[in-house]
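Chemist: If you scroll down you'll find the structure; I have some questions about it.
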Amino acid sequence: MANNNLNTLEQLSGTWTGTNRLWMMPTDPALESPTTLTISTAAQDKFALWRYTWIYDGDPKEGLLLFSRRPQAGKVQAAWIDSWHMDTVMMVMEGTVDAGGRVSLLGHYAAPPGPDWGWRIELEAPSGTSVRLLMFNITPDGEAYPAVEAVYGRA
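Structure below.
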């Protein structure tokens, strides 16, 4: 992903496989599982669709990121769902695409009875031969810590 937008997504379209690492708490060891990622476009190439699978405690999980593009502003919006992280709720996220093509999205989720927490997703594909998906939990005080890292290669 380069040129300050998602136009090179077509080069990433296809099926990817890799390893997913999940941290329950910042000091916990990572839980690893196999993961798959399918990248495609939708609505006449105006949207990017990333569908992924992973495993937690022996149970298959899946998620989806749907991106809309606003390349003239260097901005991107996304809707994120995940069968484990989000249950039946959808998170709407806003973010940017930097000059190197790295996407950074920010959303929030309710954490009753306290204030909402933040969630950041970062995507990068520096060479077009690998894809890295990072997710960070953000405390109400603004402290971010890794929650998920998935690294993919072409299937």
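The working numbering puts the first residue of the sequence shown at 22, with every later residue one more than the last.
Glycine included, each C-beta is placed from N, C-alpha and C at the ideal position.
1) Pick helix, strand or coil for Ala23, following the three-state DSSP scheme.
2) Taking buried to mean at least 16 other C-beta atoms within 10 Å of its own C-beta, is Thr56 buried or exposed?
3) Following the continuous beta strand (DSSP E) through Val97, name the residue where it begins and the one where it ends.
4) Does the beta-carbon distance from Met107 to Ala100 come in below 8 Å?
5) In whole angstroms, what separates the C-alpha of Thr38 from that of Phe68?
6) Given this structure, state the Cα-to-Cα distance separating Ser89 from Val97, to the nearest angstrom.
7) Short of 6 Å in beta carbon distance, which residues of its chain neighbour Gln32, apart from the five on each side in sequence? Order them along the chain.
8) CB-CB under 6 Å to Asn41, same chain, minus the five flanking residues each way: which ones, in chain order?
9) Rounded to the nearest angstrom, what separates Thr59 and Arg141 at their Cα positions?
10) With which residues is Ser61 paired in a DSSP beta bridge?
Modeler: Straight from the coordinates:
1) Per-residue confidence for Ala23 stands at a pLDDT of 39, beneath the threshold of 50, marking its modelled position as unreliable; the derived number appears in the next sentence. Coil, per DSSP.
2) buried
3) Lys96 to Asp103
4) no
5) 22 Å
6) 6 Å
7) Gly149
8) Ser54, Thr56, Trp75 and Ala171
9) 21 Å
10) Leu70
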